[in-house]
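So the sequences go chain by chain: X and W. By numbering that gives the first Met the number 0, the letter at position 61 of the first sequence is numbered 60, and the numbering carries on one by one without gaps. By numbering that gives the first Met the number 0, the letter at position 374 of the second sequence is numbered 373, and the numbering carries on one by one without gaps. Here's the structure we're looking at; comments come further down.
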Amino acid sequence: MGGSKIDLLQGTLDLMVLQTLAVMGSQHGYGIARRIEQVSGNEVLLNQGTIYASLVRLEQRGWIESNWGMSGNNRKAKFYSITEAGRLQLIEDARYWERLTGVMDRVLAMGTGGDPA
Amino acid sequence: MSEFRRSRRRIGAFFNKRPLDAELAAEMAAHLEMAIEENLQRGMSREEARRQALVRFGGIPQAAEKQREARGLMNLEILLQDMKFTLRSLAREPGFTLVAVLILALGIGANVAVFSVVNTLLLRPLPFRDSQQLVRIVEKDPKAGESTKTYTADATQDFQQQNRSFQSVSGYFAFTGPNNFKLSGNGQPVPATGMLVAEGFFETLGVEPAAGRLFRAGEFVHHAQPAALLSYPFWKRQFGGDPGIVGRTVDLSDKVDLNNKSVIVAGVLPETFDFGAVFSPGAKVDLFVPYIMDDFRDDGNDLALIGRLKPGMSIAQAQNEANLLFPQFYFEHKHPEYGKGYTAQLTGLKEYVSGKLRRSLLVLWCAVGLILLIVCVNLSNLLLARAAARRREFAMRSALGARLGRIVRQLLTESLALAMAGALLGLGLAWAILAYLAHQGSLALPLLNRVRIDEAALAWTLLIAVGAAVLVGLAPALRMSDRNLQEALKDSGHGTTEGRSHDRMRSILVITEIALACVLLVGAGLLLRSFLRVLEVDLGFEPSRAAAVSVDYDDGGNVAKRAAIWQEVVDRASTIPGVEAAGISDNLPMSRNRSWGIAAKGAQKLTEKDFLGVFVYIVSPGYLKAMGMRLTAGRDIGWDDVVNNRNVVIINETVARKLWPGQSPIGRTAIAGGAASEVIGVIADVRESSVEDDSGAQMYLPSTKQFAPEGSYLVVRSKLPPGALATSVMKTLREINPGQSASEFMPVQGLVDHATSPRRFFVLLVTTFAALGMLLAALGIYGVISYSVTQRTREIGVRMALGANAGDVQRLVLARTLRLAAIGIAAGSIFSFAVAKAIASLLFATQPSDPLAYGAMVALIGTAALLAGFIPAWRASRVNPTEALRSS
């Protein structure tokens, strides 16, 4: 892989957006995208535009809600915030993610055990 | 929960495309502005800031598309887009669209119509409550017509009392002739057909009156106040649908016992109840009167029985019981010496009514299915040609980013649009066909009045329309997917011919079409041959130029007076200009039937076993001649036989053979109808109940004290078409008896036609389908050949430049046509033979391998192919070589 960026797995973007909103509170699309880029240390291959498909999916499920408002420099923007259902979902998804990475860790550690049979 | 909420919102989003798109655009614009601003703050130039923002965003239309996909119902949106595009492109080619929709409408319409008939006759339950409980009870070996399918009043009552399987058992008088009553009162008396039904008949069927009440128990006893129930159409026609008629009395005279009675109208039966449609196809019954058991005890077998099983009781269980009970029943309680021993075969009423038609209907269903298949193949071919012409359009779309799936989808949408338009038009067509059929009262098919397009038929329409769309769209879609579309773009359209594989596919389709048409033609040919054979059957009488009319008279029960009236009627009818012969019978062939016993009188005492069941006709002198029957020995009945009350009998050859094998029966004594009678004549066998069944035994008796007629029909034979005599005959009858009702003047041919009408109906339909199939096949051949001529214009030009003349070119094209036809015919013949074997049981005196049917098929398809190929061939021969070479 070397220097190339990480392709996002299906569904991971939704989880990132939820977590971002849970931490940052109300935020617009650009803010969310920038935040994910910063946190990931620019390692994630993210076209900022794809965030909008994720946002509409989450909103339609009732996990986030949106309102038009004014940004810091007086620009009209649509602000998203996480709902109660969204927080519960986030806990569930995070737990699932931890279990998955745990399993992946063990599977990948298996090779070093040295039993080729 | 969240998924459910999401689907709801997606549907909402689908209908709010415009505002949501605008909102998204605003959101993304703000996004970009913020990004640009941030970049500017980092010290980029304005241009660079904007470029960087766009790069990071990554394609605005793509992002918007993705969002829309997540937001709404993409599939539906694409479908709508495809539909819009399809309608536009179909509207650009109205000729193609019209032909395609018309062909599909024909195929689908015919299918829906036939399905509705099949659905009514075979699939749908009978129009009675819990109709699966209804059972018809008949004698096991019904060889001599209705009489042996029926039971006496005593046997019926025994069964009613002793069975444990039925909720109720009832029946109707099986020997009712048309117009056996005369209704008088307001103006000219009208003839009416009245059915005698036993107690509980309507209750057994579960029929409720539309007005008034059903019969009461007290109306089924001797000397009860006479009552009648009116059929709905008769009530509408005769009484203008006046509900006030219920409870009033009408004057009804019975043509058999000629008693004029005041009859109380007890009620009106519902519109949905059509006795004829279920029990006697093609017959109309105007009113119902009680069958009073006590009046019929010594009249022999005359009740046709039906029963309603107890809930949970199976026919097999009831059959077991019937097997035990019926052999114990006496014919008549009063005369145990007449013997006992009935049999009973129980059949579900539905099976009894339409079981015989199952095979014919299934064949019809298959035939019409074949038509639809041919239609699909034909259309597939048309679309294939069209797809080829649109190759570059598709290549262009694919270059612009349309995925293959999307293009295939577009093609299927087109065929779906065509199929749906065809289905709509087809439904209209089917509706018209069925409306026509439902009013074919003369067609002897059961339940025809109930045939209509119901939910099942609509579902069927949708199913076959979608099926047709897939079938039709499949070939072009397949072609599209295995073609390298980029190739199509590269070739600039300069004289490159279609790929060989493309040509082959179209040829295979045409060959399939021809083969299917072959099957239809052979099937139709065989059925047509059978039908012609049926018409050729020697009926034993000559129906053409003979007509019958029901005669009313009042003899006050006096035999001598009756004889005088009959003689007057016959004599005066004979003198009407144009009349060759006239005579009276109380019964007509192919009409109702009734049988008595006949035996040869010998030395020993006769037992029941010696009697032969025979059809009885009480006739006047001259009747045999008027019907065109042939005396093979002896003489006709004379008026002196009648006047002198002489018991004489004329028998047919079947009776003569059975009673006096190898001897002349003339002058011998027979016990006929209970009286010792002298055999005076023998006539050639007459088909009395059906054209296709063998003749049964028959006898003809004079109307004497011993032999009382049941009604009377005057039959006249004329040099003119029978219709021309109607007025003068009716005038004469009215001069003799001013009370003569306005009876129908029936051509005897009509009776025969009615008997052969189911076969005529099937033959007509299958032949129509075959003609349609052939036409479509010819159209297919024309399409393919004509297309290949267009494609090969340059090649033909080269050939002509090199010295080929017009004849050579024509031969070339026609040879190709005939090759296609020959392969199709070869494949079709094999298929046809298999099909012919399967329908062998429907054929009459025709072999499944009938060479004429196959020969005709080859000739017809060959001619159609030649004709279809000739136009393109002629066009090819007129190609101007210089122009052909230059133009491309």
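Virtual Cβ for every residue (Gly too), placed ideally from N, Cα, C.
Check, Outcome
"Buried versus exposed call for residue 106(X) [16 or more other C-beta atoms within 10 Å across all chains shown]", "exposed"
"Within chain X, the residues that residue 1(W) reaches when beta carbons sit closer than 9 Å", "59, 60, 61, 62, 84, 88"
"Where residue 41(X) meets chain W, residues with beta-carbon distance less than 9 Å", "Here the premise fails: no neighbours, minimum Cβ distance about 11 Å."
"Where residue 108(X) falls, given that 16 or more other Cβ within 10 Å makes a residue buried", "exposed"
"With 16 other Cβ atoms within 10 Å as the buried cut-off, status of residue 38(W)", "buried"
"Residue 730(W) burial status per 10 Å Cβ neighbour count (16 or more: buried)", "exposed"
"Alpha-carbon spacing of residue 316(W) relative to residue 153(W), whole angstroms", "23 Å"
"Backbone CA spacing between residue 165(W) and residue 305(W) [nearest angstrom]", "10 Å"
"Residues that residue 697(W) bridges to, as DSSP identifies them", "614(W)"
"Partner residues on chain W for residue 117(X), Cβ-Cβ distance less than 7 Å", "What the structure shows of chain X is the stretch from 0 to 116, and residue 117(X) is not part of that stretch, so it cannot be assessed."
"Under the three-state DSSP convention, the category residue 494(W) falls into", "Here residue 494(W) scores only 42 on pLDDT, less than 50, and its place in the model should not be relied on; the value that follows carries that caveat. Residue 494(W) falls in the coil class under three-state DSSP."
"Contact between the segment 742 to 750 of chain W and the segment 766 to 776 of chain W (3+ Cβ pairs under 8 Å)", "no"
"Cα-Cα separation, residue 83(W) to residue 55(X)", "28 Å"
"Inter-stretch contact at 8 Å, needing at least 3 Cβ pairs: the segment 228 to 238 of chain W / the segment 202 to 219 of chain W", "yes"
"Cβ shell of residue 17(X) (< 8 Å), same chain only, five flanking positions each side left out", "57, 62, 63, 81, 85, 88, 89, 92"
"Min CB distance residue 56(W) to chain X below 7 Å", "yes"
"is_contact[residue 10(X), chain W] using C-beta, thresh 7 Å", "no"
"Contiguous alpha helix (DSSP H) assignments of at least 4 residues, all confined to the segment 389 to 460 of chain W", "390 to 398, 403 to 437"
"Three-state secondary structure assigned by DSSP to residue 199(W)", "coil"
"According to DSSP, residues forming a beta bridge with residue 873(W)", "BP columns for residue 873(W) are empty, so no partner."
"Selected residue, minimal CA-CA separation from residue 355(W), among 758(W), 870(W), 881(W)", "758(W)"
"Neighbour flag for residue 47(X) against chain W, beta carbons, 7 Å", "yes"
"Proximity winner among 876(W), 285(W), 340(W), 848(W), relative to residue 236(W) (alpha-carbon distances)", "285(W)"
"Cβ neighbour criterion (16 or more within 10 Å) applied to residue 177(W)", "buried"
"Pairwise C-alpha distance: residue 424(W) and residue 495(W)", "No answer about residue 495(W) holds up, because its pLDDT of 46 lies below 50 and its placement is not dependable."
"Partners in chain W for residue 70(X), counting only beta-carbon separations shorter than 9 Å", "29, 33"
"Separation of residue 679(W) from residue 368(W), as counted between CA atoms", "57 Å"
"Limits of the unbroken beta strand (DSSP E) element including residue 76(X)", "75 to 81"
"Near-chain W residues of the segment 11 to 29 of chain X (beta-carbon distance less than 9 Å), N- to C-terminal order", "27, 28, 29"
"Given residue 179(W) as reference, the closest of 571(W), 548(W), 450(W), 95(W) once Cα atoms are compared", "548(W)"
"Cross-strand partners of residue 190(W) (DSSP beta bridge)", "181(W)"
"Per-residue contacts from residue 4(W) into chain X (C-beta, under 9 Å)", "59, 60, 61"
"Rounded distance between the beta-carbons of residue 671(W) and residue 658(W), thought under 8 Å", "So it is not a contact: roughly 10 Å between Cβ atoms."
"Length of the line joining the Cα atoms of residue 520(W) and residue 860(W)", "9 Å"
"Chain X contact for residue 8(W) (CB, 7 Å cutoff)", "yes"
"Exposed unless 16 or more other CB atoms sit within 10 angstroms - verdict on residue 203(W)", "buried"
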